[in-house]
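A.B. asks: Chains as they are written, first to last, in our numbering: chain A, -4 to 545; chain B, 38 to 217. Structure in structure tokens, see below.
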């Protein structure tokens, strides 16, 4: 993974010094609340319902075991001994003390981490495919490109006060696992017929109050121009995005208002001046970025070892379930990626205790070359496990409670912190997730249902990505009471789509029953082996509506 | 060193300072320019920074310079006029309005304006670094901003990833140059 050189280290160290002084000036009353607000947000610090919340950046989800151990220590010393992995591949602390934050940032800097631009109206952490570099359908490893984008966007002098937050996602595979269509900018790397690397650039996707899918701005940008083109895209947004209404300030509203043709025209006009400028990438610059993501020193895995693994999978039903759901094929024969499920009934989705972080860090050292990935489904991944070690890893994960063989099923719920923690939320979301996980805990039923994304957000800011859940649940507030609106048909994978609202919202206690009714319609109507999303697309929302509201 | 520079600055302050606290080329400074936000008519004093539309009507007069609102679009005819201005001020109606950064870069990098580009309005100390990187060489601090803090935090970073008006080379290029 990317390792800092003295320049990167200097920059984060200087950032800590800067923020320490800003905090001192704030606490001394020399900076007002309003003026401190964007400064603290751009260092990941929110003032939340119970306490401040600190969002730590995990650039494109890559984390080392050393960093995870440091995070464990930080949660123990400065928080309540746990952290929350988010849908944007970051880690949130829910209970830090305001005045401790500069010290926390200083400790993060010691392990090459920071909280820069994890919030605020600026370019946020760039996210990508959790199987980057190891997926069979990959044409280009997106991580070096994410790193180049990270550097370009970090402390960008022109784009620290954008109209609103700005999120970029990158994929380099045939199948989109980074949900690029619901980001402010989505980048898909692909090869043309001559083998030249190109980028498809999408703009104007996003969730929140007005969910939209991104439109294509450029189909075939040559790789050299990625940064200058992004600069043109963001510059047009900075100049022309709405600033009069917070709810209409995202780039999606600008792209919709101008039309994609006019937005593209302005971007191209801007880019004409930036093209071939000092941020034009060279072969050497890209090679240098790539050199940070070398193939790990994998060993040979014998045919016999692979056969033994297959036999075990055949003989042991529980192991087979784990492999089918939580183990992903790898580009190198004999190796697999293993997903550690953070969806456990006794914990909120994405929550990990300090002890568990340390245990996972140890597993990463033993089974995964000391590296981990955070997924936007709020799980963790060990990306390079030889098949003859998967059984041993599985036993360790069972002890840790992270072997739930439910990745990709209804039970693998994406969920924001919701009203239990977040000051923005209209309603709680974690108890809803837990109630659903409790109701649908029969593995045979979950497997029979097949791949199914159920996403929960506690408010329309959509941190739980409810718009792109096959089943989406949104907490709404009606005259001080919590209700839940259910939508169907969202999809964040290929052919992304936004869910449609089923109808009037429900009481909290009725939600699991409503989900049950929705699933019954699917099971009755599906063709053989048809996934939920495909059945929904075939039959539409009407049969679901009729049954639920009968 | 900082405090003695400040002392010299305070000693040199006239009784009536035309504008607010000013930092020019990284130094505390003062000058003769008055700022007028009156859209209706020219002020009596000179030299004066006046709204763009007024300046366009009276731009041939000595001692007048325009200030641009943050939503200004740099159309070619406007750029032709601006290139003749002795100074261009860019207004920050709120410190959260980031359009001025783009305007300054465009004036410097695209249009090659070499005169003074001055930030006016809601100019706070924690923005000065980005402003400088975008090409502002004169920073008219909001009245309540402590000058000492401002000078201390003019350049909180000794390294930057992106090229700006200050450093024209992206860090990835610098690294390659230094290792080759």
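Ideal placement from N, C-alpha and C gives every residue a C-beta, glycine not left out.
1) Could you pull out every residue in the same chain whose Cβ sits closer than 8 Å to the Cβ of residue 132 (chain A), ignoring the five residues on either side in sequence?
2) Under 8 Å Cβ-Cβ, which residues of chain A neighbour residue 183 (chain B)?
3) What does residue 186 (chain B) reach in chain A if we use C-beta pairs closer than 9 Å?
4) Please report how far the alpha carbon of residue -4 (chain A) lies from the alpha carbon of residue 2 (chain A), in whole angstroms.
5) Of the choices A:376, A:305, A:298 and A:183, whose alpha-carbon is the least far from that of residue 125 (chain A)?
6) Can you tell me which of A:451, A:518, A:37 and A:50 puts its alpha carbon nearest to the alpha carbon of residue 494 (chain A)?
7) Between the alpha carbons of residue 234 (chain A) and residue 169 (chain B), how many angstroms are there, rounded?
8) Whole angstroms is fine: what's the gap from residue 49 (chain A)'s alpha carbon to residue 324 (chain A)'s?
9) From which residue to which residue does the beta strand (DSSP E) around residue 368 (chain A) run?
10) For a cutoff of 8 Å on Cβ pairs, would you count residue 128 (chain B) as touching chain A?
11) Write down the C-beta distance between residue 146 (chain A) and residue 198 (chain B) rounded to the nearest angstrom, noting that I regard them as a contact closer than 8 Å.
12) Leaving out the 5 sequence neighbours to the left and right, which residues in its chain are closer than 7 Å to residue 109 (chain A) when beta-carbon positions are compared?
13) Could you check how far apart the C-beta atoms of residue 516 (chain A) and residue 488 (chain A) are, in whole angstroms? I think they sit under 8 Å.
14) Just by C-beta distance, which residues in the stretch 148 to 161 of chain A are closer than 9 Å to chain B?
15) May I ask you to report which of helix, strand or coil DSSP gives residue 64 (chain B)?
16) Apart from the five residues just before and just after residue 425 (chain A), which ones in its own chain have a Cβ nearer than 8 Å to its Cβ?
17) Once the 5 residues before and after residue 128 (chain B) are set aside, which same chain residues still bring their CB inside 8 Å of it?
18) Which residues, taken in chain order from the stretch 226 to 239 of chain A, show a beta carbon closer than 7 Å to some beta carbon of chain B?
19) Quick one: list the residues of chain B neighbouring residue 107 (chain A), beta-carbon separation under 9 Å, in chain order.
20) Counting only beta-carbon atoms, is residue 273 (chain A) nearer than 8 Å to chain B?
21) Could you check where the beta strand (DSSP E) with residue 508 (chain A) kicks off and where it finishes?
22) Output needed in chain order: residues of the stretch 273 to 289 of chain A with a Cβ under 7 Å from some Cβ in chain B.
23) In chain order, which beta strand (DSSP E) runs of at least 3 residues are fully inside the stretch 458 to 491 of chain A?
24) Inspect the beta-carbon positions of residue 178 (chain A) and residue 203 (chain A) and report whether they are closer than 8 Å.
25) Given that residue 196 (chain B) touches chain A, what residues does it touch there, using C-beta distances under 7 Å?
26) Pick helix, strand or coil for residue 84 (chain B), following the three-state DSSP scheme.
27) For the stretch 27 to 60 of chain A, which residues have a beta carbon sitting closer than 8 Å to at least one beta carbon of chain B?
28) Closest to residue 77 (chain A) by C-alpha separation, out of A:351, A:402 and A:478, would be which residue?
29) Does residue 113 (chain B) have its Cβ less than 8 Å from a Cβ in chain A?
30) Taking a cut of 7 Å between CB atoms, which residues from the stretch 161 to 182 of chain B lie near chain A?
31) Which word fits residue 578 (chain A), buried or exposed, when buried means at least 16 other C-beta atoms lie within 10 angstroms of its C-beta?
32) Would the stretch 280 to 294 of chain A and the stretch 135 to 145 of chain A be scored as touching if the rule is three or more Cβ pairs under 8 Å?
33) Is there a Cβ of chain B sitting closer than 8 Å to that of residue 325 (chain A), yes or no?
34) Along chain A, which residues have their Cβ under 8 Å away from the Cβ of residue 208 (chain B)?
35) Looking at the C-beta of residue 68 (chain B), does it have a partner C-beta in chain A at a distance below 8 Å?
36) Measure from the C-beta of residue 63 (chain B) to each C-beta in chain A and report whether the shortest distance is under 8 Å.
C.D. replies: Well, looking at it:
1) The residue given as residue 132 (chain A) occupies position 137 in the first chain. Only residues of its own chain outside the window of five on either side were considered, and among them 168, 169 and 170 have a CB closer than 8 Å to the CB of residue 132 (chain A), listed in chain order.
2) Against the second chain, residue 183 (chain B) aligns to sequence position 146. The answer, in chain order, is 25.
3) The residue labelled residue 186 (chain B) in the question sits at position 149 within the second chain. The contacting residues are 16, 20 and 25.
4) The count along the first chain starts at 1 and reaches residue -4 (chain A) at position 1. The count along the first chain starts at 1 and reaches residue 2 (chain A) at position 7. Going by C-alpha positions, residue -4 (chain A) is about 17 Å away from residue 2 (chain A).
5) One-based indexing of the first chain puts residue 125 (chain A) at position 130. Among A:376, A:305, A:298 and A:183, the Cα nearest to that of residue 125 (chain A) is on A:376.
6) Mapped onto the first chain, residue 494 (chain A) falls at position 499. Answer by Cα proximity: A:451.
7) Within the first chain, numbered from 1, the residue matching residue 234 (chain A) stands at position 239. Within the second chain, numbered from 1, the residue matching residue 169 (chain B) stands at position 132. About 19 Å.
8) By one-based count along the first chain, residue 49 (chain A) stands at place 54. By one-based count along the first chain, residue 324 (chain A) stands at place 329. Rounded to whole angstroms, residue 49 (chain A) and residue 324 (chain A) show a C-alpha spacing of 35 Å.
9) Start at 1 with the first residue of the first chain, and residue 368 (chain A) comes out as number 373. Per DSSP, the continuous beta strand (DSSP E) segment holding residue 368 (chain A) begins and ends at 366 to 369.
10) The sequence position of residue 128 (chain B) within the second chain is 91, counting from 1. At a cut-off of 8 Å between beta-carbon atoms, residue 128 (chain B) makes no contact with chain A.
11) For the purposes of this step, residue 146 (chain A) is taken as the residue at position 151 of the first chain. For the purposes of this step, residue 198 (chain B) is taken as the residue at position 161 of the second chain. Yes, residue 146 (chain A) and residue 198 (chain B) are in contact; Cβ-Cβ is about 4 Å, under 8 Å.
12) For the purposes of this step, residue 109 (chain A) is identified with residue 114 of the first chain, where counting begins at 1. Excluding residues within five positions, the ones whose Cβ falls inside 7 Å are 7, 10, 52, 100 and 103.
13) Here residue 516 (chain A) corresponds to residue number 521 of the first chain, with the count starting at 1. Here residue 488 (chain A) corresponds to residue number 493 of the first chain, with the count starting at 1. Going by Cβ atoms, the distance from residue 516 (chain A) to residue 488 (chain A) rounds to 22 Å, so no, they are not a contact pair.
14) From the stretch 148 to 161 of chain A, only 148, 149, 150, 151, 152, 153, 154, 155, 156, 157 and 158 have a Cβ closer than 9 Å to chain B.
15) Mapped onto the second chain, residue 64 (chain B) falls at position 27. The DSSP-derived three-state label of residue 64 (chain B) is strand.
16) Working through the first chain from its first residue, we reach residue 425 (chain A) at position 430. The beta carbon of residue 425 (chain A) is closer than 8 Å to those of 343, 344, 410, 412, 413 and 415 in its chain, skipping five residues each way along the sequence.
17) For the purposes of this step, residue 128 (chain B) is taken as the residue at position 91 of the second chain. Cβ contact annotation for residue 128 (chain B) (same chain, cutoff 8 Å, sequence separation greater than five): 104, 105, 106, 107, 137, 157 and 158, in chain order.
18) Taking a C-beta cut-off of 7 Å against chain B, the contacting residues of the stretch 226 to 239 of chain A are 230, 233, 234 and 238, listed in chain order.
19) Taking the first chain and counting its residues from 1, the one referred to as residue 107 (chain A) is at position 112. By Cβ distance, chain B contributes nothing, its closest Cβ being about 15 Å from residue 107 (chain A), past 9 Å.
20) Here the question's residue 273 (chain A) lines up with position 278 in the first chain. Contact of residue 273 (chain A) with chain B is assigned, a C-beta pair being separated by under 8 Å.
21) Against the first chain, residue 508 (chain A) aligns to sequence position 513. That residue, residue 508 (chain A), is in no beta strand (DSSP E); its alpha helix (DSSP H) goes 506 to 520.
22) Answer set for the stretch 273 to 289 of chain A: 273, 274, 279, 280 and 283.
23) If we require 3 residues or more, the beta strand (DSSP E) runs fully inside the stretch 458 to 491 of chain A come out as 466 to 473 and 476 to 483.
24) Indexing the first chain from 1 puts residue 178 (chain A) at position 183. Indexing the first chain from 1 puts residue 203 (chain A) at position 208. The Cβ atoms of residue 178 (chain A) and residue 203 (chain A) do not sit closer than 8 Å to each other.
25) In the second chain, counting from the first residue as 1, residue 196 (chain B) sits at position 159. Taking a Cβ-Cβ cut-off of 7 Å, the neighbours of residue 196 (chain B) in chain A comprise 2, 5 and 6, given in sequence order.
26) Sequence index remark: in the second chain, residue 84 (chain B) carries index 47 (1-based). Coil at residue 84 (chain B), not helix or strand.
27) Of all residues in the stretch 27 to 60 of chain A, 30, 33 and 34 have a Cβ within less than 8 Å of some Cβ in chain B.
28) Working through the first chain from its first residue, we reach residue 77 (chain A) at position 82. That would be A:351, whose Cα lies nearest to the Cα of residue 77 (chain A).
29) Residue numbering aside, residue 113 (chain B) sits at position 76 when the second chain is read from its first letter. Output row for residue 113 (chain B): interface = no.
30) Answer in chain order: 161, 163, 167, 170 and 171.
31) With chain A represented from -4 up to 545, any question about residue 578 (chain A) goes unanswered, as that position is not in the structure.
32) Verdict: yes, contact present.
33) Working through the first chain from its first residue, we reach residue 325 (chain A) at position 330. Output row for residue 325 (chain A): interface = no.
34) Translated into the one-based positions of the second chain, residue 208 (chain B) becomes position 171. Those are 2 and 146, listed as they occur along chain A.
35) As a position in the second chain, residue 68 (chain B) is number 31, starting the count at 1. Not an interface residue.
36) Sequence index remark: in the second chain, residue 63 (chain B) carries index 26 (1-based). For residue 63 (chain B), the answer is no, since every Cβ of chain A falls outside 8 Å of its Cβ.
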